[in-house]
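Below you'll find the structure, written out as structure tokens, and then a few comments.
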Amino acid sequence: MEPLNRIKLGILVLLTIILTATLGLMYLEGWDFFTALYVTVITLSTVGYGDITPTTFWGKLFTLFYIICGAGAMAYTFASIAGFIIEGELKKILRLKKMESKLKSIRDHYIICGFGKIGKVVAEKFDSLGVPYVVVDIDEKKLAREAENFKNLLYVVGDATLDEVLIKAGVERAKGLIATVKSDAENLFVTISARGLNPKLYIIAKAEAETTIDKLLKAGADRVVSPYIIGGMRIAEMALRPEILDFVSTLMDETYDMEIGRFTIHPQSEVVGKTLHESKIRQRSGATILAIIKDGDRVIINPGPDVVLEPYNVVYAFGTKEHLEKLKEILGSSKK
Numbered sequence: 001m002e003p004l005n006r007i008k009l010g011i012l013v014l015l016t017i018i019l020t021a022t023l024g025l026m027y028l029e030g031w032d033f034f035t036a037l038y039v040t041v042i043t044l045s046t047v048g049y050g051d052i053t054p055t056t057f058w059g060k061l062f063t064l065f066y067i068i069c070g071a072g073a074m075a076y077t078f079a080s081i082a083g084f085i086i087e088g089e090l091k092k093i094l095r096l097k098k099m100e101s102k103l104k105s106i107r108d109h110y111i112i113c114g115f116g117k118i119g120k121v122v123a124e125k126f127d128s129l130g131v132p133y134v135v136v137d138i139d140e141k142k143l144a145r146e147a148e149n150f151k152n153l154l155y156v157v158g159d160a161t162l163d164e165v166l167i168k169a170g171v172e173r174a175k176g177l178i179a180t181v182k183s184d185a186e187n188l189f190v191t192i193s194a195r196g197l198n199p200k201l202y203i204i205a206k207a208e209a210e211t212t213i214d215k216l217l218k219a220g221a222d223r224v225v226s227p228y229i230i231g232g233m234r235i236a237e238m239a240l241r242p243e244i245l246d247f248v249s250t251l252m253d254e255t256y257d258m259e260i261g262r263f264t265i266h267p268q269s270e271v272v273g274k275t276l277h278e279s280k281i282r283q284r285s286g287a288t289i290l291a292i293i294k295d296g297d298r299v300i301i302n303p304g305p306d307v308v309l310e311p312y313n314v315v316y317a318f319g320t321k322e323h324l325e326k327l328k329e330i331l332g333s334s335k336k
């Protein structure tokens with residue numbers, strides 16, 4: 001039985017015994033309700049002033065009976081309460097110890113700064129995909145409460161704009177950081193701090209105001225997301241081309257395990273100097289090449305079979321996670 005249910009059961013039994021004993025003494029001793037209740041409570045609590053005591057044989061016998069039952073019920077109830085408190089605290093201590101150990105060893109993870117509405121959505125997605133992440137938020141009660149709902153949640157309590165808090169979250173070993181704290185100013189400070197601590201970190205920042213986007217990019221963010229702009233564009237697209245968005249959303253659903261990957265062709269890759277047809281990328285990896293960027297800004301959409309693959313070309317591909325992993329090996333690059 002759950003600790004809380006044990007406590008409820010103990011209290012219910014104890015109240016039943018008190019009420020039964022009160023009514024019994026009223027009948028056997030002829031006392032009024034308050035006097036009988038008074039004697040019952042002080043007797044069960046072991047106070048026993050002795051100012052009022054049963055005088056009849058059956059009253060004394062009945063008192064012996066309810067003392068035995070009541071003492072057992074009280075012991076059970078208070079033991080359940082103590083166990084609930086101790087077990088809860090012990091569980092909390094063990095969870096924090098385990099979390100601290102994981103925080104010291106975790107790497108190639110994402111740090112989510114701010115556990116508001118957007119931060120929770122990101123965490124839910126990472127949780128479902130098994131992506132390692134650490135949440136940084138100043139509200140300890142909220143984090144402890146949400147730990148019951150997120151199976152892989154690791155968190156650090158503190159101000160995400162402070163270097164020591166980001167270091168505790170493993171920013172120097174992290175793969176990426178997502179700044180979704182309340183204000184644009186805080187997101188700006190988080191970005192500056194994170195970029196200074198890890199120059200290679202991939203940073204995505206949230207911007208409420210459109211004027212903040214440029215500032216966040218200059219501060220070191222790789223990508224800046226404005227929920228209002230994206231939300232507005234999404235609504236417009238749904239209104240104008242709902243069938244296209246439905247198709248894309250269906251493909252990107254977790255059920256189909258489809259992703260879009262970005263790769264850079266390594267100079268030593270086996271495909272360098274070959275055409276798409278000669279490299280047989282599609283047959284070997286299963287991934288579909290959507291676009292190739294050459295010379296930094298020349299984009300070839302849906303490239304044909306005679307497009308030549310060159311060093312440092314950026315390739316965008318579509319496929320399952322397994323397909324993209326095979327393509328990564330062929331191109332000899334790291335997926336971003």
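Here the sequence shown is numbered in the UniProt record's numbering, starting from 1 and rising by one per residue.
Yeah, the Cβ is synthetic: ideal placement off N, Cα and C, and Gly gets one too.
No experiment lies behind these values; they were computed from the predicted model shown.
* Asked: Would DSSP call K294 helix, strand or coil?
  -> Three-state result, K294: strand.
* **Local conformation of G30 per DSSP, three classes** => Coil.
* If we ignore side chains and look at the alpha-carbon of each, how far apart do I11 and G72 end up? -> 12 Å
* Where E329 falls, given that 16 or more other Cβ within 10 Å makes a residue buried -> exposed
* Asked: When the Cα of D222 is compared with those of K274, E100, L201, Q268, which residue comes out closest?
  -> L201
* Work out the CA separation of L37 and L15 for me, nearest whole Å. => 11 Å
* **Reference L177, options T55, P132, V41, K326, closest by Cα** => P132
* Assign T180 to buried or exposed, taking buried as 16 or more other Cβ atoms, counted over all protein chains shown, within 10 Å of its Cβ. => buried
* In this structure, does DSSP put E164 in helix, strand or coil? -> helix
* Of the residues A147, I118, I7, K206, which one's Cα is nearest the Cα of residue 337? -> Look at the range of the chain in this structure, 1 to 336, and you will see that residue 337 is not part of it.
* Touch check for the region 157–172 and the region 133–140: three-plus C-beta pairs under 8 Å? -> Result yes; three or more Cβ-Cβ pairs closer than 8 Å.
* Using CA coordinates, which residue listed in Y27, V121, E100 is at the minimum distance from P227? -> V121
* If you run the structure through DSSP and keep just helix, strand and coil, what is G50? -> coil
* Asked: Do you know how far the Cα of A75 is from the Cα of L25?
  -> Their backbone Cα atoms lie some 23 Å apart in a straight line.
* To do: List the whole-angstrom C-beta distance separating R262 from Y316, where the pair is believed to meet the contact cut-off of C-beta under 8 Å.
  => 6 Å
* Once you ignore the five residues that flank Q268 on each side, which residues in its own chain have a CB closer than 7 Å to its CB? -> G332
* **Segment limits, alpha helix (DSSP H) that includes T212** => 212–219
* Beta-carbon gap between D184 and A207 smaller than 7 Å -> Taking a C-beta distance under 7 Å as the contact criterion, D184 and A207 qualify as a contact pair.
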